Amino acid sequence: MSATAEKTAPLAILEAHDAPYHVGAVTLRVRDLPKLVAYYRDAIGLRLSRQDRDSAELGIGGQVLVRLQAGAAQPSSAAGLFHLAILLPSRRDLANWLKHAAETRIPLEGASDHLVSEALYLSDPEGNGIEIYRDRKRAEWPRRPDGGIAMATERLDLDKLLAEAESAPYAGMPEGTGMGHIHLRVGDTVAAEAFYRDLLGFDLMVHYPGASFLASGGYHHHIAGNIWGSRGAGPRRPGEAGLDRFEVVARGEVDFAAMRERILAGGGSEAEGAPTIADPWGNRLVLAR
7 MSATAEKTAP
17 LAILEAHDAP
27 YHVGAVTLRV
37 RDLPKLVAYY
47 RDAIGLRLSR
57 QDRDSAELGI
67 GGQVLVRLQA
77 GAAQPSSAAG
87 LFHLAILLPS
97 RRDLANWLKH
107 AAETRIPLEG
117 ASDHLVSEAL
127 YLSDPEGNGI
137 EIYRDRKRAE
147 WPRRPDGGIA
157 MATERLDLDK
167 LLAEAESAPY
177 AGMPEGTGMG
187 HIHLRVGDTV
197 AAEAFYRDLL
207 GFDLMVHYPG
217 ASFLASGGYH
227 HHIAGNIWGS
237 RGAGPRRPGE
247 AGLDRFEVVA
257 RGEVDFAAMR
267 ERILAGGGSE
277 AEGAPTIADP
287 WGNRLVLAR
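In this note's numbering, the protein residues as written are 7 to 295.
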């Protein structure tokens with residue numbers, strides 16, 4: 007392939023997006039908008055596409071991944087965001103971000119090999135959890151004896167990963183980056199499965215102690231819920247700091263119509279111009295095309 011052809015070749019579809027539904031932009035309620043804008047731009051590597059006095063949008067390649075909304079009330083519940091998960095196109099991209107983090111002293115809170123993916127964990131200045139990860143190819147995902155996806159939490163060798171980084175200065179997250187999944191704090195995993203599986207139609211993929219992982223289209227997980235620090239938590243109130251809402255993006259019109267019907271049948275509404283519904287803890291999702 008010529009150099010010109012390489013430059014114009016379409017980007018591969020992320021594993022997470024090769025499904026009837028995937029997670030789109032995540033909206034956070036924040037106390038210090040300028041500080042959070044600077045963090046997601048300079049530390050995380052997203053590009054600022056719009057900002058005004060009360061809100062901002064950041065993403066890659068014209069795709070909004072994080073929306074920040076000023077004005078946040080004190081949280082009243084332990085439920086909410088565990089982390090949003092930004093999916094990079096390749097292991098080299100993950101290595102490049104790790105090199106950037108090391109050089110700019112961005113503190114990490116964890117690093118794991120999940121067998122299906124490799125992930126780095128951190129939090130923004132207001133405590134919102136962030137995962138930055140890359141997927142292994144779907145054909146490489148290990149399987150349990152029953153055919154289900156096998157996941158684990160094993161040590162990620164950071165030195166070995168860092169050795170794959172490019173020497174060039176970090177230029178931000180690359181084209182093809184997307185939102186991979188969202189992990190929520192919920193009050194009860196059985197109730198979370200009833201909402202996200204039985205009502206909205208996501209498939210239950212993996213059980214961890216205290217956590218459920220659900221997905222569309224055979225992905226390892228688009229939505230997860232855990233009770234590790236929120237067992238028995240009550241609902242969040244509108245406007246609380248942290249997660250405000252997240253998008254579920256439908257692949258086509260048939261998928262959109264099917265999810266819209268589920269949302270409205272489950273007590274959701276279109277009062278804000280798009281089908282929207284909140285889970286039992288006030289974690290709100292909005293259906294998008």
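Positions of the beta carbon are idealized from the N, C-alpha and C atoms, including for glycine.
Source: prediction; values computed, not measured.
Distance, G153 Cα to R89 Cα | To locate residue 89, count along the sequence shown from 1; it is residue 83. To locate residue 153, count along the sequence shown from 1; it is residue 147. Correcting the residue type first, residue 89 is His in the shown sequence and not Arg. Rounded to whole angstroms, H89 to G153 spans 28 Å at the Cα level.
Any contact of the stretch 195-215 with the stretch 136-144, i.e. 3+ C-beta pairs under 8 Å?
-> Not touching, per the Cβ criterion.
What three-state label does DSSP hand V192 in the structure shown?
-> Here residue 192 corresponds to residue number 186 of the sequence shown, with the count starting at 1. DSSP places V192 in coil when its eight states are reduced to three.
Have a look at E21 and A125 and give me their C-alpha separation to the nearest angstrom.
-> Taking the first residue of the sequence shown as position 1, residue 21 is located at position 15. Taking the first residue of the sequence shown as position 1, residue 125 is located at position 119. A125 has its alpha-carbon roughly 15 Å from the corresponding atom of E21.
Where does H227 fall in DSSP's three states?
-> As a working note, residue 227 is residue 221 in the sequence shown. Coil.
With 16 other CB atoms within 10 Å as the buried threshold, where does T10 fall?
-> Translated into the one-based positions of the sequence shown, residue 10 becomes position 4. Below a pLDDT of 50, predicted positions are generally treated as unreliable, and T10, at 34, falls in that range; no measurement from the model is reported.
Is the number of C-beta pairs between the stretch 250-258 and the stretch 27-38 that are closer than 8 Å three or more?
-> The stretch 250-258 and the stretch 27-38 touch, with no fewer than 3 CB-CB distances between them shorter than 8 Å.
Per DSSP, what kind of secondary structure is E109 in: helix, strand or coil?
-> Within the sequence shown, residue 109 is the residue found at index 103, counting from 1. E109 carries a helical assignment under DSSP once its states are collapsed to helix, strand and coil.
With respect to the alpha helix (DSSP H) encompassing D130, which residues constitute its N-terminal and C-terminal limits?
-> Numbered from 1 along the sequence shown, position 124 holds the residue referred to as residue 130. Taken as a continuous stretch (DSSP letters only), D130 belongs to no alpha helix (DSSP H), as it is neither H nor E.
Between which two residues does the beta strand (DSSP E) harbouring R53 extend?
-> In the sequence shown, counting from the first residue as 1, residue 53 sits at position 47. 53-57 is the span of the beta strand (DSSP E), which, as asked, contains R53.
Looking at the structure shown, is A11 part of a helix, part of a strand, or coil, going by DSSP?
-> Walking along the sequence shown from the start, residue 11 turns up at place 5. Any reading at A11 must be qualified, since the residue scores a pLDDT of 36, below 50, and its modelled position is unreliable; the value itself is stated next. For A11, the three-state secondary structure derived from DSSP is helix.
Comparing the C-beta of N289 with each C-beta of chain B, is any distance below 7 Å?
-> Judged by its chain identifiers, the structure shown contains no chain B, having just a single protein chain.
Spatial neighbours of P334 within its chain, please: CB distance less than 6 Å, with the 5 preceding and 5 following residues excluded, ordered by chain position.
-> Since the displayed the chain opens at 7 and closes at 295, residue 334 lies outside it and no answer follows.
Give a yes or no on whether the C-beta atoms belonging to I188 and I229 are separated by under 7 Å.
-> Working through the sequence shown from its first residue, we reach residue 188 at position 182. Working through the sequence shown from its first residue, we reach residue 229 at position 223. For I188 and I229, yes; Cβs fall inside 7 Å.
Proximity winner among S123, A197, A117, P131, relative to D165 (alpha-carbon distances) = Along the sequence shown, read from residue 1 onward, the residue named residue 165 stands at position 159. Comparing Cα positions, the closest option is A117.
Beta carbon of G245, beta carbon of W234: below 7 Å?
-> Counting from one through the sequence shown, the residue named residue 245 turns up at place 239. Counting from one through the sequence shown, the residue named residue 234 turns up at place 228. No; because the gap between Cβ atoms is not below 7 Å, this pair is not in contact.
Bridge partners of F219, per DSSP?
-> For the purposes of this step, residue 219 is identified with residue 213 of the sequence shown, where counting begins at 1. In the DSSP assignment, F219 forms a beta bridge with V212, A230.
Alpha helix (DSSP H) segment containing I269, residue limits = One-based indexing of the sequence shown puts residue 269 at position 263. Secondary structure note for I269: its alpha helix (DSSP H) is the uninterrupted segment 259-271.
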